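Enquirer: Residue numbers (this note's numbering), protein chains in the order written: chain A, 240 to 508; chain B, 89 to 367.
Just so you know, even glycine gets a beta-carbon here, dropped at the ideal spot from N, CA and C.
All values reported here derive from a predicted model rather than from experimental measurement.
Here's a structure for you.
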């Protein structure tokens, strides 16, 4: 009696996961292996890939200055953005957890920037940061501060991008708010699992891509990678860059998981 | 008295935060209503002398809004349908059915959430070239039908797992098929989760810039974010960028989003705690 049901279930299981399985094989696993192979080749998208062993990786580490510059820019950005994002999101979540009137309105407003398309918010911020005609330096001037050239300045372009990104802390805020309000486990776990994707999402960076800025001061790793692949057609080299990025994300995520008990300790008590 | 004081302080903090959130949007709207000369006034002014609503008309005409909106809607609707169907099916399978290899496959799927898109983009690009999908809308919605939104699968699985077995048993006794159980029982009982998936898919797809930027070159197929991105370089007139038009175009793209968000926010920001089925 038991085995036909089990067989029935197994059959249905594989039928129902067929789209997801196909997606996993065709859009993820296959391309992953292909790009791992490409990272060991010289490939310009026209002639067939040529196996060159570890040369791409060695070239990146030893001879490619933009590789290190873009890595440094990205790390610097992360060092500024992550604490700012966490602090503002936590502060906002604590405020929004208060039981006062019109709290629904405030929640909508605080979350609003997080839903805007990167293109639109980039356009808005370019004009806010404009040193002559923008409103930010106008407000600073009113406070007696002479504002910098922001996106045109090698020093201030990166902080400007951090401010722009920090404006949309809504996603992080929602996770904190869910925790504060004891939202059902199913959702909270989902938020945590989503945290596993945080490091990867961090590489999305559409905003800086649209805004731009002084080349070397805002040369993000991912933008450098896209340029290498789709402007210069060094597809093998770009694949090596992508795999190095994946390696970094893997290390960071594992580190995060293993250090987690340090800050969720009280939760269990 | 003390209660009253606390509420005043809370409102003061909340509204100054809200002001910070809204200033950039206010700057967008105000700039969109200025004349070109007002935009380039030094020092800048907040308010236009007379609101130039005609900027919106000009943005709508110099920018083929109807066409880009159509493309965006096609992509968004197909992406939402695909994500909904593929993730509901997979979520039910993972939550309720027994099969060998289930756990291993689930962990594999979840671990792909760590994978940066850059790792797969070059082979995927080659594959789309060989399918003849460059300059089509396919790259923007076909992946959704193949369950690439692992987060959606996970979220629905968690909800589906909390639905009492009695519902399934009585549906079976009534002779319901697996399809009916998925869509009439599980989906119907997980409305907030389904809505969350739909809204997040809508936003991801409506805002996506990289996919069309990589795979679409024909202007006829631009979606709104890409069109806006290219509009930025087109509004550079003889005298400089026409920011009033840029801002009007941005506002036009943003407003549908705000409307969708406004009507759905209580479900995923507020109302999630009030769903009936949670243990």
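(1) Is there a Cβ of chain A sitting closer than 7 Å to that of residue 308 of chain B, yes or no?
(2) Could you tell me the distance, in whole angstroms, from the CA atom of residue 289 of chain B to the CA atom of residue 166 of chain B?
(3) Around the Cβ of residue 495 of chain A, are there at least 16 other Cβ atoms within 10 angstroms (buried) or fewer (exposed)?
(4) Tell me whether residue 330 of chain B sits in a helix, a strand or coil according to DSSP, three-state version.
(5) Tell me where the alpha helix (DSSP H) around residue 320 of chain A begins and ends.
(6) So with CB distances below 9 Å, who are the chain B contacts of residue 288 of chain A?
(7) Measuring only the C-alpha atoms, how far is residue 485 of chain A from residue 475 of chain A?
(8) Which class does residue 280 of chain A belong to by DSSP, given the choice of helix, strand or coil?
(9) I want to verify the contact list: residues of chain B whose CB lies under 8 Å from the CB of residue 319 of chain A, in sequence order.
(10) Taking all protein chains shown into account, do 16 or more other C-beta atoms lie within 10 angstroms of the C-beta of residue 285 of chain B, making it buried, or fewer, making it exposed?
(11) So residue 218 of chain B contacts chain A; which residues on that side make the cut at Cβ distance below 8 Å?
(12) Starting from the Cα of residue 222 of chain B, find the closest Cα among B:128, B:107, B:129, B:303 and give me that residue.
(13) Any C-beta of chain A within less than 7 Å: which residues of the stretch 224-248 of chain B qualify?
(14) Thinking just about the alpha-carbon of each residue, which of B:199, B:352, B:251 is nearest to the one in residue 268 of chain A?
(15) Sort B:225, B:171, B:114 by Cα distance to residue 162 of chain B and report the nearest one.
(16) Is the stretch 114-124 of chain B touching the stretch 311-318 of chain B, taking contact as three or more C-beta pairs under 8 Å?
(17) Does the stretch 207-223 of chain B come into contact with the stretch 287-305 of chain A, if we say contact requires no fewer than three beta-carbon pairs (one atom in each stretch) closer than 8 Å?
(18) Using a Cβ-Cβ cut-off of 7 Å, state whether residue 492 of chain A counts as contacting chain B.
(19) Using three-state DSSP, classify residue 459 of chain A as helix, strand or coil.
(20) Assuming residue 118 of chain B contacts residue 134 of chain B under a Cβ cut-off of 8 Å, what Cβ separation, rounded to an integer in Å, is found between them?
(21) Smallest Cα separation from residue 248 of chain B: which of B:278, B:233, B:259, B:228?
(22) Check whether chain B comes within 7 Å of residue 354 of chain A, counting only Cβ atoms and requiring the distance to be less than that.
(23) Select from A:350, A:251, A:399, A:277 the residue whose C-alpha is nearest the C-alpha of residue 206 of chain B.
(24) Grab me the residues of residue 415 of chain A's own chain with a C-beta within less than 7 Å of its C-beta, minus the 5 sequence neighbours each way, in chain order.
(25) How about residue 258 of chain A and residue 174 of chain B: are their beta carbons less than 7 Å apart?
(26) May I have the straight-line CA-CA distance separating residue 300 of chain B from residue 308 of chain B, to the nearest angstrom?
(27) Does residue 364 of chain B have its Cβ less than 7 Å from a Cβ in chain A?
(28) Per DSSP, what are the beta-bridge partners of residue 289 of chain A in this structure?
(29) With distances taken Cα to Cα, identify the nearest neighbour of residue 274 of chain B among B:110, B:176, B:238.
(30) Take residue 297 of chain B and list the residues in its own chain whose beta-carbon comes closer than 7 Å to its own, dropping the five residues that flank it on each side.
(31) Quick one, which residues of the stretch 371-387 of chain A are near chain B if we go by CB-CB under 8 Å, in chain order?
(32) When you compare the CB of residue 472 of chain A with every CB in chain B, is at least one pair closer than 7 Å?
(33) Residue ranges of each beta strand (DSSP E) run of no fewer than 3 residues wholly in the stretch 346-421 of chain A, ordered along the chain?
(34) Ignore the nearest five residues each way along the sequence and tell me which others in residue 366 of chain B's own chain have a CB closer than 8 Å to its CB.
(35) For residue 191 of chain B, I'd like the list of residues in its chain whose CB is within less than 7 Å of its CB, leaving aside the five on either flank, ordered along the chain.
(36) Among residues of its own chain, excluding the 5 on either side of residue 251 of chain A, which ones have a beta-carbon nearer than 8 Å to its beta-carbon?
Expert: According to the data block:
(1) Here residue 308 of chain B refers to the residue found at position 220 when the second chain is read from its first residue. By this cut-off, residue 308 of chain B is not an interface position.
(2) Indexing the second chain from 1 puts residue 289 of chain B at position 201. Indexing the second chain from 1 puts residue 166 of chain B at position 78. If I take the Cα positions, the gap works out to 10 Å.
(3) Counting from 1 along the first chain, the entry for residue 495 of chain A is found at position 256. Result: exposed.
(4) For this step, residue 330 of chain B is matched to residue 242 along the second chain. Residue 330 of chain B: coil per DSSP, three-state reduction.
(5) Walking along the first chain from the start, residue 320 of chain A turns up at place 81. Note, residue 320 of chain A: alpha helix (DSSP H), 304-335.
(6) Along the first chain, read from residue 1 onward, the residue named residue 288 of chain A stands at position 49. In chain order: nothing, as chain B lies at least about 10 Å away.
(7) Locating residue 485 of chain A in the first chain gives position 246, counting from the first residue. Locating residue 475 of chain A in the first chain gives position 236, counting from the first residue. About 15 Å.
(8) Here residue 280 of chain A refers to the residue found at position 41 when the first chain is read from its first residue. In this structure, residue 280 of chain A counts as strand in the three-state DSSP scheme.
(9) What you label residue 319 of chain A is simply residue 80 of the first chain in a count that begins at 1. The premise fails here: residue 319 of chain A is roughly 18 Å from chain B at the closest Cβ pair, so nothing lies under 8 Å.
(10) Here residue 285 of chain B refers to the residue found at position 197 when the second chain is read from its first residue. Per the 10 Å Cβ criterion, buried.
(11) Counting from one through the second chain, the residue named residue 218 of chain B turns up at place 130. Those do not exist, as residue 218 of chain B stays about 12 Å from chain A at its closest Cβ, beyond 8 Å.
(12) As a working note, residue 222 of chain B is residue 134 in the second chain. The residue with the shortest Cα to Cα distance from residue 222 of chain B is B:303.
(13) 231, 233, 234, 235, 236, 239, 241, 242, 243, 246, 247
(14) In the first chain, the residue the question calls residue 268 of chain A occupies position 29. Looking at the Cα atoms, B:199 is the closest of the given residues.
(15) Looking up residue 162 of chain B in the second chain gives position 74. Ranked by how close their Cα comes to the Cα of residue 162 of chain B, the residues B:225, B:171, B:114 have B:225 in first place.
(16) no
(17) no
(18) Position 253 of the first chain, counted from the start, is the residue given in the question as residue 492 of chain A. Flagged as an interface residue toward chain B: residue 492 of chain A, by a C-beta distance shorter than 7 Å.
(19) Counting from 1 along the first chain, the entry for residue 459 of chain A is found at position 220. Here residue 459 of chain A sits in coil by DSSP.
(20) Against the second chain, residue 118 of chain B aligns to sequence position 30. Against the second chain, residue 134 of chain B aligns to sequence position 46. With a beta-carbon spacing of about 6 Å, residue 118 of chain B and residue 134 of chain B fall inside the 8 Å limit used to define contacts.
(21) Counted from its first residue, the second chain places residue 248 of chain B at position 160. Taking only the C-alpha atoms, the option nearest residue 248 of chain B is B:278.
(22) Reading the first chain from its first residue, position 115 is the one you call residue 354 of chain A. It does; some Cβ of chain B falls within 7 Å.
(23) By one-based count along the second chain, residue 206 of chain B stands at place 118. In this structure, A:277 is the residue among A:350, A:251, A:399, A:277 with its C-alpha nearest to the C-alpha of residue 206 of chain B.
(24) Against the first chain, residue 415 of chain A aligns to sequence position 176. Close CB contacts of residue 415 of chain A within its chain, under the 7 Å cut and outside five residues either way in sequence, are with 328, 329, 332 (chain order).
(25) Counted from its first residue, the first chain places residue 258 of chain A at position 19. Counted from its first residue, the second chain places residue 174 of chain B at position 86. For residue 258 of chain A and residue 174 of chain B, yes; Cβs fall inside 7 Å.
(26) Here residue 300 of chain B corresponds to residue number 212 of the second chain, with the count starting at 1. Here residue 308 of chain B corresponds to residue number 220 of the second chain, with the count starting at 1. Cα to Cα, residue 300 of chain B sits roughly 12 Å from residue 308 of chain B.
(27) Counting from one through the second chain, the residue named residue 364 of chain B turns up at place 276. Model confidence at residue 364 of chain B stands at a pLDDT of 33, short of 50, so the residue's coordinates are unreliable and nothing is read from them.
(28) Working through the first chain from its first residue, we reach residue 289 of chain A at position 50. A:281.
(29) For the purposes of this step, residue 274 of chain B is taken as residue 186 along the second chain, with counting starting at 1. Checking every option, the nearest Cα to that of residue 274 of chain B belongs to B:176.
(30) The residue given as residue 297 of chain B occupies position 209 in the second chain. Closer than 7 Å at the Cβ level, and outside the excluded window around residue 297 of chain B, lie 313, 314, 317.
(31) 371, 372, 373, 374, 377, 380
(32) The sequence position of residue 472 of chain A within the first chain is 233, counting from 1. No - not a single Cβ of chain B is within 7 Å of the one on residue 472 of chain A.
(33) none
(34) Along the second chain, one-based indexing puts residue 366 of chain B at 278. Only weak support is given to the placement of residue 366 of chain B: the predicted model assigns it a pLDDT of 35, under 50, and the value that follows is read from those uncertain coordinates. Same-chain partners within the cutoff: 250.
(35) Within the second chain, numbered from 1, the residue matching residue 191 of chain B stands at position 103. Closer than 7 Å at the Cβ level, and outside the excluded window around residue 191 of chain B, lies no residue.
(36) Working through the first chain from its first residue, we reach residue 251 of chain A at position 12. No residues qualify anywhere along the chain.
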